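Enquirer:
Protein chains: 2
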Amino acid sequence: MTQHPTRADAVALDLASPLRARRELFALPDGVVYLDGNSLGALPRAVAPRLQQVVAEEWGTGLISSWNTADWVGLGRRVGDRIAPLIGVAPGDVHVGDSTTVTLFKTFVAASRLRPGRRVVVLEPTTFPTDGYVAAGVARMLDLELRWCDPADPAASLDEDVALLSLTHVDFRSGAMYDLAALTAAAHDAGALVQWDLCHSTGAVPVALLDADADIAVGCTYKYLNGGPGSPAFAWVHPRHQAAWDQPVTGWFGHSRPFDMDRAFTPADGIARMASGTPPVLALSALDAALDVFDGVSLDVLRAASLSLTDLFLELVNARLGSAFEVITPREHGRRGSQVSLRHEQAYGVVQALVERGVVGDFRTPDVARFGFAPLYVTHADVFDAVGHLVAVLEGDEHLRPEYTVRNAVT
Amino acid sequence: MTQHPTRADAVALDLASPLRARRELFALPDGVVYLDGNSLGALPRAVAPRLQQVVAEEWGTGLISSWNTADWVGLGRRVGDRIAPLIGVAPGDVHVGDSTTVTLFKTFVAASRLRPGRRVVVLEPTTFPTDGYVAAGVARMLDLELRWCDPADPAASLDEDVALLSLTHVDFRSGAMYDLAALTAAAHDAGALVQWDLCHSTGAVPVALLDADADIAVGCTYKYLNGGPGSPAFAWVHPRHQAAWDQPVTGWFGHSRPFDMDRAFTPADGIARMASGTPPVLALSALDAALDVFDGVSLDVLRAASLSLTDLFLELVNARLGSAFEVITPREHGRRGSQVSLRHEQAYGVVQALVERGVVGDFRTPDVARFGFAPLYVTHADVFDAVGHLVAVLEGDEHLRPEYTVRNAVT
Numbered sequence: 001m002t003q004h005p006t007r008a009d010a011v012a013l014d015l016a017s018p019l020r021a022r023r024e025l026f027a028l029p030d031g032v033v034y035l036d037g038n039s040l041g042a043l044p045r046a047v048a049p050r051l052q053q054v055v056a057e058e059w060g061t062g063l064i065s066s067w068n069t070a071d072w073v074g075l076g077r078r079v080g081d082r083i084a085p086l087i088g089v090a091p092g093d094v095h096v097g098d099s100t101t102v103t104l105f106k107t108f109v110a111a112s113r114l115r116p117g118r119r120v121v122v123l124e125p126t127t128f129p130t131d132g133y134v135a136a137g138v139a140r141m142l143d144l145e146l147r148w149c150d151p152a153d154p155a156a157s158l159d160e161d162v163a164l165l166s167l168t169h170v171d172f173r174s175g176a177m178y179d180l181a182a183l184t185a186a187a188h189d190a191g192a193l194v195q196w197d198l199c200h201s202t203g204a205v206p207v208a209l210l211d212a213d214a215d216i217a218v219g220c221t222y223k224y225l226n227g228g229p230g231s232p233a234f235a236w237v238h239p240r241h242q243a244a245w246d247q248p249v250t251g252w253f254g255h256s257r258p259f260d261m262d263r264a265f266t267p268a269d270g271i272a273r274m275a276s277g278t279p280p281v282l283a284l285s286a287l288d289a290a291l292d293v294f295d296g297v298s299l300d301v302l303r304a305a306s307l308s309l310t311d312l313f314l315e316l317v318n319a320r321l322g323s324a325f326e327v328i329t330p331r332e333h334g335r336r337g338s339q340v341s342l343r344h345e346q347a348y349g350v351v352q353a354l355v356e357r358g359v360v361g362d363f364r365t366p367d368v369a370r371f372g373f374a375p376l377y378v379t380h381a382d383v384f385d386a387v388g389h390l391v392a393v394l395e396g397d398e399h400l401r402p403e404y405t406v407r408n409a410v411t
Numbered sequence: 412m413t414q415h416p417t418r419a420d421a422v423a424l425d426l427a428s429p430l431r432a433r434r435e436l437f438a439l440p441d442g443v444v445y446l447d448g449n450s451l452g453a454l455p456r457a458v459a460p461r462l463q464q465v466v467a468e469e470w471g472t473g474l475i476s477s478w479n480t481a482d483w484v485g486l487g488r489r490v491g492d493r494i495a496p497l498i499g500v501a502p503g504d505v506h507v508g509d510s511t512t513v514t515l516f517k518t519f520v521a522a523s524r525l526r527p528g529r530r531v532v533v534l535e536p537t538t539f540p541t542d543g544y545v546a547a548g549v550a551r552m553l554d555l556e557l558r559w560c561d562p563a564d565p566a567a568s569l570d571e572d573v574a575l576l577s578l579t580h581v582d583f584r585s586g587a588m589y590d591l592a593a594l595t596a597a598a599h600d601a602g603a604l605v606q607w608d609l610c611h612s613t614g615a616v617p618v619a620l621l622d623a624d625a626d627i628a629v630g631c632t633y634k635y636l637n638g639g640p641g642s643p644a645f646a647w648v649h650p651r652h653q654a655a656w657d658q659p660v661t662g663w664f665g666h667s668r669p670f671d672m673d674r675a676f677t678p679a680d681g682i683a684r685m686a687s688g689t690p691p692v693l694a695l696s697a698l699d700a701a702l703d704v705f706d707g708v709s710l711d712v713l714r715a716a717s718l719s720l721t722d723l724f725l726e727l728v729n730a731r732l733g734s735a736f737e738v739i740t741p742r743e744h745g746r747r748g749s750q751v752s753l754r755h756e757q758a759y760g761v762v763q764a765l766v767e768r769g770v771v772g773d774f775r776t777p778d779v780a781r782f783g784f785a786p787l788y789v790t791h792a793d794v795f796d797a798v799g800h801l802v803a804v805l806e807g808d809e810h811l812r813p814e815y816t817v818r819n820a821v822t
């Protein structure tokens with residue numbers, strides 16, 4: 001094994017970090033190194049008091065009047081306005097309200113309607129499964145064709161039949177990141193629209209949708225945005241497409257005048273037409289409070305912290321574990337998200353044995369151990385300790401325990 | 412004005428009610444008579460502590476492991492099992508997860524796919540607007556035809572072209588209730604399926620879907636089920652249709668093995684295929700706690716209490732206000748839900764003036780004042796007091812204040 005940074009080096013990096021005070025904004029359990037914020041973000045301390053206030057005061061005391069007095073009607077828009085700077089778009093253009101899957105359903109249909117003469121939707125085969133399931137459902141319904149591209153070269157699948165290129169910015173399994181601007185340009189060169197799934201990038205990786213001239217984006221809020229389990233997704237549509245945007249789940253909250261109770265549907269102006277039903281006020285309130293942790297944080301600082309963590313993890317794994325794992329996450333900064341994924345035949349056992357030791361990563365079938373580095377609350381000391389436990393697991397053959405041959409559902 | 416029950420009579424009715432202890436399960440503000448539970452149910456006391464526990468312990472401490480240890484994966488099913496007896500169906504056949512609008516979208520598409528040779532969907536023109544908006548969106552996408560029936564005789568619109576008759580069990584504006592069993596039989600006689608929108612009946616009016624042999628039902632949980640603002644809707648599909656049930660928003664939580672991350676979509680067995688995205692854990696937990704108030708309450712007792720309240724309201728309005736209002740809610744028990752709606756040219760002003768006095772009903776355009784009677788927390792004394800304030804509003808011309816000429820959005 002080669003020389004590598006010590007725990008003291010890691011602690012020194014933490015002390016020098018401009019984000020060092022942010023960890024205190026989260027309620028992390030003692031004795032846990034949490035490297036699964038790419039699946040479920042940790043709990044921001046601001047959430048519980050906000051939910052108590054919303055439940056006791058807005059709902060309990062304000063009752064129905066809170067739709068006006070607490071502006072529940074505008075809550076989704078206000079939350080969207082706070083997500084906007086994290087993805088490089090203007091306030092007023094982000095909708096928040098439904099699950100990621102439902103949101104993707106709406107955007108797949110609406111995007112395909114913007115290119116009626118084209119009937120191919122291109123996806124990469126490594127995308128998160130729900131993206132593919134939704135696209136397949138939409139394709140069957142609208143008589144479109146799904147085309148699975150080469151993940152190493154999505155642009156090669158573009159031609160004059162392609163209505164939409166839908167890519168995941170950061171891959172959920174490998175942590176590899178696409179060049180958002182270059183692939184957006186390639187799609188436009190082919191006359192196609194491009195949709196970015198930002199589930200594994202927003203809140204950890206800078207996203208500059210307007211600079212890249214992207215068309216559509218959808219993202220999750222319960223990973224690096226820490227909105228809580230099953231918190232509602234966001235969607236962004238470039239302003240140039242909003243007037244013609246025609247999403248299929250036409251409901252009263254997407255109506256231009258919901259409380260007129262007209263028989264005919266007239267879509268609201270702008271991104272508001274992405275809404276369908278009554279907004280999920282409790283979940284949106286939790287998310288709103290959770291977003292406080294990003295106040296005053298620049299995306300550049302966030303990115304530097306993320307890369308410093310994943311760099312250290314990669315260096316320590318390389319130095320202390322050598323070839324025990326195949327690193328499937330790109331080492332090149334420009335192609336790396338905020339997680340590192342290690343391939344190992346007993347990856348499931350490795351993850352479970354680490355959890356027993358208080359180091360929480362997760363497993364993705366068939367053989368990937370994932371470690372997410374949420375830069376607002378993961379420290380370099382955490383990284384050092386996690387690798388120490390990983391070494392101990394392998395040295396003690398803890399990952400080979402017989403109980404780890406049966407797998408639990410873990411998201 | 413004729414003789415009418417006194418406040419002492421009302422209090423005596425409350426003391427004799429088998430539900431008299433239930434009101435204490437709700438955190439109602441002092442000095443408020445809340446007659447808007449048909450729009451947003453009051454806050455059950457069990458919600459706040461449950462949310463605190465879910466946030467602090469399940470999310471904050473359990474983190475990602477709570478998908479297994481707190482069975483977040485099965486939470487929607489467990490909540491559905493608690494709603495099942497309120498709508499007369501078996502546990503295991505109710506899905507809870509998306510907004511009412513999104514849920515209706517799925518059921519409209521899936522229902523129409525069960526009758527591929529028929530292309531007409533029948534709706535009544537007085538339905539809640541979102542039902543019509545969704546149906547219109549589905550019809551446009553799938554090349555179906557919407558047919559608006561005569562609300563007084565929906566069966567007259569049925570013929571061999573009708574795939575689905577979709578009716579609202581209790582009308583949101585008038586409070587009129589359809590004969591669920593008779594109209595279900597009429598739809599089946601015409602070879603059509605029937606879908607019941609139970610938003611304004613579940614939790615206040617007995618619903619017996621299996622007895623009536625209904626096909627599909629969708630309902631809201633933030634009205635008489637008190638799940639909180641924007642809480643997720645439920646859907647029931649008769650077991651005979653579940654194997655062929657083909658809803659369009661195919662996502663990973665509706666997959667038979669979500670965590671295998673297969674490329675191909677294979678729907679889960681049974682009602683579980685209604686799921687799309689990651690379940691909204693906070694909202695489902697709040698709803699789960701809210702449902703405690705129904706533990707041990709029979710639907711017959713609930714119905715008797717509801718009718719006793721609306722009977723008293725109608726009697727007092729008739730006796731003390733004479734012809735000041737047109738009562739648009741049926742007086743016949745078999746055709747009345749759990750609300751009473753009064754028509755008045757200045758209905759908006761009437762509702763606002765009552766709110767000023769602490770009596771909360773709501774207004775529906777253009778001229779309807781609605782009063783909902785949630786039988787678990789509205790008392791006969793509330794009814795007596797509300798009518799007293801109504802008399803005072805009209806006697807003092809409080810409804811004619813100039814500020815009431817501008818209308819706020821109120822759901």
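Keeping their order, the protein sequence lines are chains A and R. With the working numbering, letter number 159 in the first sequence gets 159, and the count goes up by one each step, no holes. With the working numbering, letter number 182 in the second sequence gets 593, and the count goes up by one each step, no holes. Each residue gets a CB set at the ideal place from its N, CA and C atoms; glycine is no exception. Remember, it's a predicted structure, so these values are computed and weren't measured experimentally.
#1: Quick one: what's got a C-beta closer than 7 Å to Ala186 of chain A's C-beta in the same chain, skipping five residues either side?
#2: Looking at the unbroken beta strand (DSSP E) that takes in Gln195 of chain A, where does it start and where does it end?
#3: For a minimum of 3 consecutive residues, which ranges assigned as the beta strand (DSSP E) are wholly contained in the region 84-120 of chain A?
#4: Could you spell out the range, first to last residue, of the beta strand (DSSP E) harbouring Leu578 of chain R?
#5: If we call anything under 8 Å between Cβ atoms a contact, is Val507 of chain R one with Phe645 of chain R?
#6: Assign Leu781 of chain R to one of three DSSP states: helix, strand, or coil.
#7: Please compile the residues from chain A whose C-beta is within a distance smaller than 8 Å of the C-beta of Arg768 of chain R.
#8: When we look at the beta-carbon of His333 of chain A and count the other beta-carbons within 10 Å, is it buried (16 or more) or exposed?
#9: Which class does Phe437 of chain R belong to by DSSP, given the choice of helix, strand or coil?
#10: Using a Cβ distance threshold of 8 Å, determine whether the region 294-314 of chain A contacts the region 123-137 of chain A, with at least three qualifying pairs required.
#11: So, is the C-beta of Gly251 of chain A closer than 8 Å to a C-beta in chain R?
#12: Can you give me, in chain order, the residues of the region 471-486 of chain R that have a beta carbon less than 8 Å from any beta carbon in chain A?
#13: Name the chain A residues whose beta carbon is nearer than 8 Å to that of His833 of chain R?
#14: Curious, which full-length alpha helix (DSSP H) runs of at least 4 residues does the region 741-804 of chain R contain?
#15: With distances taken from CA atoms, which of A:Arg20, A:Arg364, A:Ala290 is nearest Gly471 of chain R?
#16: From the DSSP output, which residues share a beta bridge with Tyr445 of chain R?
#17: What does the Cβ neighbour count give for Pro402 of chain A, buried or exposed, with the cut at 16 atoms within 10 Å?
#18: Are the beta-carbon atoms of Gly688 of chain R and Gly662 of chain R separated by less than 8 Å?
#19: By Cβ distance below 7 Å, which residues in the same chain neighbour Arg320 of chain A in space, the five residues on each side in sequence not counted?
#20: Got a sec: is the Cβ-Cβ distance from Pro536 of chain R to anything in chain A below 8 Å?
#21: Smallest Cα separation from Pro485 of chain A: which of A:Thr126, A:Ala369, A:Val170?
#22: Is the region 338-352 of chain A in contact with the region 8-15 of chain A, if contact means three or more CB pairs nearer than 8 Å?
#23: Contact between the region 422-438 of chain R and the region 782-799 of chain R is defined here as three or more beta-carbon pairs at a separation below 8 Å; is this criterion met?
#24: Taking only beta-carbon positions, decide if Thr595 of chain R is within less than 8 Å of chain A.
#25: Listing by chain order, which chain R residues have their CB less than 9 Å from the CB of Asp362 of chain A?
#26: Classify Ser667 of chain R as buried or exposed, calling it buried when 16 or more other Cβ atoms lie within 10 Å of its own Cβ.
#27: Using a beta-carbon distance cut-off of less than 7 Å, what residues from the region 225-240 of chain A approach chain R?
#28: Rounded to a whole number of angstroms, what is the C-alpha to C-alpha distance between Ser585 of chain R and Gly748 of chain R?
#29: What does Val466 of chain R reach in chain A if we use C-beta pairs closer than 8 Å?
#30: For the alpha helix (DSSP H) containing Gly548 of chain R, name the first residue and the last one.
#31: Short of 6 Å in beta carbon distance, which residues of its chain neighbour Leu576 of chain R, apart from the five on each side in sequence? Order them along the chain.
#32: Here's the rule: buried if 16 or more other CB atoms are within 10 angstroms of the residue's CB, otherwise exposed. What is Ser285 of chain A?
#33: How many angstroms separate the CA atom of Trp483 of chain R from the CA atom of Val490 of chain R?
#34: Roughly how many angstroms lie between the CA atoms of Gly528 of chain R and Asp572 of chain R, to the nearest whole one?
#35: Under the assumption that Ser225 of chain A contacts Gly358 of chain A (Cβ atoms under 8 Å), give the Cβ distance between them as a whole number of angstroms.
#36: Return helix, strand or coil for Met177 of chain A, following the three-state DSSP convention.
Expert: Working from what's here:
#1: For this step, residue 186 of chain A is matched to residue 186 along the first sequence. The answer, listed in chain order, is Ala155, Leu158.
#2: As a working mapping, residue 195 of chain A is identified with position 195 in the first sequence. Its beta strand (DSSP E) spans residues 193-197.
#3: 94-96
#4: Taking the second sequence and counting its residues from 1, the one referred to as residue 578 of chain R is at position 167. Note, Leu578 of chain R: beta strand (DSSP E), 573-579.
#5: Start at 1 with the first residue of the second sequence, and residue 507 of chain R comes out as number 96. Start at 1 with the first residue of the second sequence, and residue 645 of chain R comes out as number 234. It is a contact, given that the beta carbons lie within the stated cut-off.
#6: Here residue 781 of chain R corresponds to residue number 370 of the second sequence, with the count starting at 1. According to the sequence provided, residue 781 of chain R is Arg. The question's Leu does not apply to it. Note: Arg781 of chain R maps to strand in three-state DSSP.
#7: What you label residue 768 of chain R is simply residue 357 of the second sequence in a count that begins at 1. Result: empty, since nearest Cβ-Cβ is about 14 Å, beyond 8 Å.
#8: Locating residue 333 of chain A in the first sequence gives position 333, counting from the first residue. With fewer than 16 other Cβ atoms within 10 Å, it is exposed.
#9: Here residue 437 of chain R refers to the residue found at position 26 when the second sequence is read from its first residue. Strand, per DSSP.
#10: no
#11: The residue you call residue 251 of chain A lines up with position 251 of the first sequence. Taking Cβ atoms only, chain R reaches closer than 8 Å to Gly251 of chain A, which makes this a yes.
#12: Gly471, Thr472, Leu474, Ile475, Ser476, Ser477, Trp478, Asn479, Trp483, Val484
#13: Here chain R comprises residues numbered 412 to 822, so residue 833 of chain R is not present and cannot be evaluated.
#14: 758-767
#15: Translated into the one-based positions of the second sequence, residue 471 of chain R becomes position 60. Considering only alpha carbons, the answer is A:Ala290.
#16: Taking the first residue of the second sequence as 1, we reach residue 445 of chain R at position 34. BP columns for Tyr445 of chain R point to R:Val771.
#17: Your numbering for residue 402 of chain A matches position 402 in the first sequence. Counting Cβ neighbours within 10 Å, Pro402 of chain A comes out exposed, since fewer than 16 surround it.
#18: What you label residue 688 of chain R is simply residue 277 of the second sequence in a count that begins at 1. What you label residue 662 of chain R is simply residue 251 of the second sequence in a count that begins at 1. Yes, these two residues count as a Cβ contact at 8 Å.
#19: Numbered from 1 along the first sequence, position 320 holds the residue referred to as residue 320 of chain A. Taken in chain order, the residues that qualify are Met1, His4, Val387, Val391.
#20: For the purposes of this step, residue 536 of chain R is taken as residue 125 along the second sequence, with counting starting at 1. Closer than 8 Å: yes.
#21: For chain A, the structure presents residues 1 to 411; residue 485 of chain A sits outside this window and is missing.
#22: no
#23: yes
#24: As a first step, residue 595 of chain R must be located in the second sequence, where it is residue number 184. Output row for Thr595 of chain R: interface = no.
#25: Start at 1 with the first residue of the first sequence, and residue 362 of chain A comes out as number 362. Ordered by position in chain R, the residues that pass the 9 Å Cβ test against Asp362 of chain A are Ile475.
#26: By 1-based counting over the second sequence, the position of residue 667 of chain R is 256. Per the 10 Å Cβ criterion, exposed.
#27: Gly228, Pro229, Gly230
#28: Here residue 585 of chain R is taken as the residue at index 174 of the second sequence, counted from 1. Here residue 748 of chain R is taken as the residue at index 337 of the second sequence, counted from 1. Cα to Cα, the separation comes out at about 9 Å.
#29: The count along the second sequence starts at 1 and reaches residue 466 of chain R at position 55. Within chain A, the residues near Val466 of chain R are Leu43, Val47, Ala48, Leu51, Gly228, Ala286.
#30: In the second sequence, counting from the first residue as 1, residue 548 of chain R sits at position 137. It spans 540-553 - the alpha helix (DSSP H) in which Gly548 of chain R sits, taken as one unbroken run.
#31: Mapped onto the second sequence, residue 576 of chain R falls at position 165. Answer for Leu576 of chain R: Val533, Ala598, Ala603, Val605, listed in chain order.
#32: Translated into positions along the first sequence, residue 285 of chain A becomes position 285. Looking at its Cβ environment, which holds 16 or more other Cβ atoms inside 10 Å, Ser285 of chain A is buried.
#33: Here the question's residue 483 of chain R lines up with position 72 in the second sequence. Here the question's residue 490 of chain R lines up with position 79 in the second sequence. C-alpha separation (whole angstroms): 11 Å.
#34: Along the second sequence, one-based indexing puts residue 528 of chain R at 117. Along the second sequence, one-based indexing puts residue 572 of chain R at 161. So the alpha carbons of these two residues sit roughly 8 Å apart.
#35: For the purposes of this step, residue 225 of chain A is identified with residue 225 of the first sequence, where counting begins at 1. For the purposes of this step, residue 358 of chain A is identified with residue 358 of the first sequence, where counting begins at 1. Reading the sequence as shown, one finds Leu at residue 225 of chain A and not Ser. 25 Å between Cβ atoms; not a contact.
#36: Indexing the first sequence from 1 puts residue 177 of chain A at position 177. Looking at Met177 of chain A - three-state DSSP - the assignment turns out to be strand.
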